[in-house]
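Read the structure below first, then the notes.
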Amino acid sequence: MVSLSTFETLPDEIILVACQYLRGADVLYALFNLNTRLNTTITGYCHYVNLMTVPYQQFNYVVTHVLPCIGNLENFPQLTYLDIRRLYGCDTDDLLPKLLSANNCRLSVVIFDQDSICLNVSEDVTAISYPNIEELTINISVANVLPRLFKLIPNIRRLCINIEEYSGSSTSKQVFIDLSHVTNLINFQLHSRNWYWTLDEITDLLQKMPSLQNVELSFCTNDKRFLTEETLLIISPSSSIQIDYFIHYPYLTLNDDIEYFVTSQSNRPSTACLLNDTHDRLIIHTNPCHLHSIALPGSIAKQMSSRSKFTQVEDLYIYYVSSLLEVLLILHHFRRVRNLAIHVLNGSETLTFPSSMQSIVLRLPWLKKLSISGIIELSHLLSISPNLDKLNVNFNCLKALLENNSTHCMLQTGITRLCIMDWIDTKSDLMLTIVQRFGSLCHIAIVMTDPTLIVDSFVLSIIPFWKIKPKFSLLVEGLLSEEVRTNLRQWIIDNSYLTEEDSFSIQYDEKQCKIWL
1461 MVSLSTFETL
1471 PDEIILVACQ
1481 YLRGADVLYA
1491 LFNLNTRLNT
1501 TITGYCHYVN
1511 LMTVPYQQFN
1521 YVVTHVLPCI
1531 GNLENFPQLT
1541 YLDIRRLYGC
1551 DTDDLLPKLL
1561 SANNCRLSVV
1571 IFDQDSICLN
1581 VSEDVTAISY
1591 PNIEELTINI
1601 SVANVLPRLF
1611 KLIPNIRRLC
1621 INIEEYSGSS
1631 TSKQVFIDLS
1641 HVTNLINFQL
1651 HSRNWYWTLD
1661 EITDLLQKMP
1671 SLQNVELSFC
1681 TNDKRFLTEE
1691 TLLIISPSSS
1701 IQIDYFIHYP
1711 YLTLNDDIEY
1721 FVTSQSNRPS
1731 TACLLNDTHD
1741 RLIIHTNPCH
1751 LHSIALPGSI
1761 AKQMSSRSKF
1771 TQVEDLYIYY
1781 VSSLLEVLLI
1791 LHHFRRVRNL
1801 AIHVLNGSET
1811 LTFPSSMQSI
1821 VLRLPWLKKL
1831 SISGIIELSH
1841 LLSISPNLDK
1851 LNVNFNCLKA
1861 LLENNSTHCM
1871 LQTGITRLCI
1881 MDWIDTKSDL
1891 MLTIVQRFGS
1901 LCHIAIVMTD
1911 PTLIVDSFVL
1921 SIIPFWKIKP
1931 KFSLLVEGLL
1941 SEEVRTNLRQ
1951 WIIDNSYLTE
1961 EDSFSIQYDE
1971 KQCKIWL
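1461 is the number of the first residue of the sequence shown in our numbering; add one for each residue after it.
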């Protein structure tokens, strides 16, 4: 007779309390199929399995041994909602049709987050449509795929599009004229920070959506026709539409008409105008602003009014920042932001925390991801962001952070993912400091300043630092030599502590070396 362990004799209530401190994958890995009673106790963990930030050995075991026992991995009759996050490095030409038709066309909702790649819709797939799709959030690189996209999803009811295209590209006005009508669409969101839209393009786009009830528009423009009080009502397919907009004029020449418009809007509680000190940037937005994602120049900070309401904004991009004061003044209006990106105007200048900011009381409990382009003093931002999970910084910014001894305690917990851009010195001892300071780190990504640099020895120098880490994945963006690429796994085994018996994954594609331990 097999004797029971002390743990197995504990009451169900105590076991469940212990499981609260473990990830779902940890529970399944450690407790599944030990006995019938424990399987019944952890039933809830079988219904929702999160395989993020787990070591490769645990992932491999759960996928190959546990999940097949829980249910069929090929047929999901009740799966209708697919939420995809941080999707990288895929062939984008045929990916979207595959996903829209997945699970025997049972999916009705497909969502890609803003960290995922931009998808393409090739011309040869438009003969097929996917009437099952009712909600789609997607990132596209160019606006000229919109006609093909609309044909793919004739029954779409909620559509959110993020367009990365820059003005001056090949997209023509004919694209918006050729759009198919999407008669079932009731909720539409457009986010386009780089393409300068005209009134005609916005009009043509919205007129293809006769059933709209809610519209969110966030875009740049040089078209001064938007600077009239009735414009956005005129372009609406129906007077009953709820419109939220955030319109940015990045290059503005102030004249009497514009000055009159800004002055007149100050008396309208439903609209707010933000004009920077030099009067060359103007932002117009509905108030309160119900958009979930917006971009602001740092120069607008001092003009933001306390009457402006941004309670629903989760993704915030602050660009052309010249001081930390600008950042903090803006953040006062965005207490619920989850993803914050800051772009410093002068990338070689270090923005420090001035004593005049000591009186500014700010807390960002919802912030999960912080991305910095440039060099700023990070200690204050980290201290007011207790739940920060991911940090994206460049080499010099991180180096300055780690040289500050006051940050030692705040880095020990919380941050699990670290991305370092513009890594300069492959012989730097910075990696050792990273391992010592970031106590909860599970994933690190490194992008070299020189994309042609051979990183064989650099990759090997990193692996020993993580020998004692229970969960770790590494991505190094750079070139591996031809000799190493021919037998990548054996190369790692021959030159590190890893053995044939160890469970790990390694691959090299798109000039990225990825290791999962």
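Every residue, glycine too, gets a C-beta built ideally from N, C-alpha and C.
Rounded to the nearest angstrom, what separates L1639 and R1608 at their Cα positions? 8 Å
Excluding the five sequence neighbours on either side, which residues of its own chain have a C-beta within less than 7 Å of the C-beta of S1963, listed in chain order? Y1516, Q1517, N1520
With contact counted as at least three CB pairs below 8 Å, one residue from each stretch, are the segment 1884 to 1891 and the segment 1831 to 1842 in contact? no
Own chain residues within Cβ distance below 8 Å of C1529, not counting five before or after: F1492, N1493
Could you give the first and the last residue of the continuous beta strand (DSSP E) run that contains A1801? 1799 to 1804
Tell me the rounded alpha-carbon separation between M1461 and A1490. Residue placement at M1461 cannot be trusted, given a pLDDT of 44 that sits under 50; what the coordinates show is reported in the next sentence. Distance between the alpha carbons of M1461 and A1490: 22 Å.
In angstroms with no decimal places, state the Cα-to-Cα distance between A1485 and T1501. 15 Å
How close, in whole Å, do the beta carbons of L1920 and S1956 come, if the pair is a contact with beta carbons under 8 Å? 6 Å
Pairwise C-alpha distance: L1488 and V1797: 33 Å
Entirely within the segment 1506 to 1572 and at least 3 residues each: give me those beta strand (DSSP E) ranges in chain order. Segments of the beta strand (DSSP E) lying fully in the segment 1506 to 1572: 1541 to 1544, 1569 to 1572.
Among L1977, L1913, W1951, whose alpha-carbon lies nearest the alpha-carbon of F1925? Out of L1977, L1913, W1951, L1977 has the C-alpha closest to the C-alpha of F1925.
Can you tell me whether L1913 is buried or exposed, with buried defined as 16 or more other CB within 10 angstroms of its CB? exposed
Whole-angstrom C-beta distance between V1787 and I1802, which should lie under 8 Å: 6 Å
Contact set for N1647: own chain, Cβ-Cβ below 6 Å, skip 5 residues either direction: R1618, N1674
G1504 classed as buried or exposed, judged by whether at least 16 other C-beta atoms fall within 10 angstroms: exposed
Neighbour-count burial assignment, T1810, 16 or more Cβ in a 10 Å radius: exposed
Environment of Y1709 [buried if 16+ CB atoms lie within 10 Å]: buried
Contact check, G1807 vs I1778, beta carbons under 8 Å: Their beta carbons are not under 8 Å apart, which means G1807 does not touch I1778 by this criterion.
Who does I1600 pair with in a DSSP beta bridge? In the DSSP assignment, the residues bridged to I1600 are L1579, I1623.
When you compare only the Cα positions, how much space is there between N1615 and Y1590? 8 Å
CB-CB under 6 Å to T1812, same chain, minus the five flanking residues each way: which ones, in chain order? E1837
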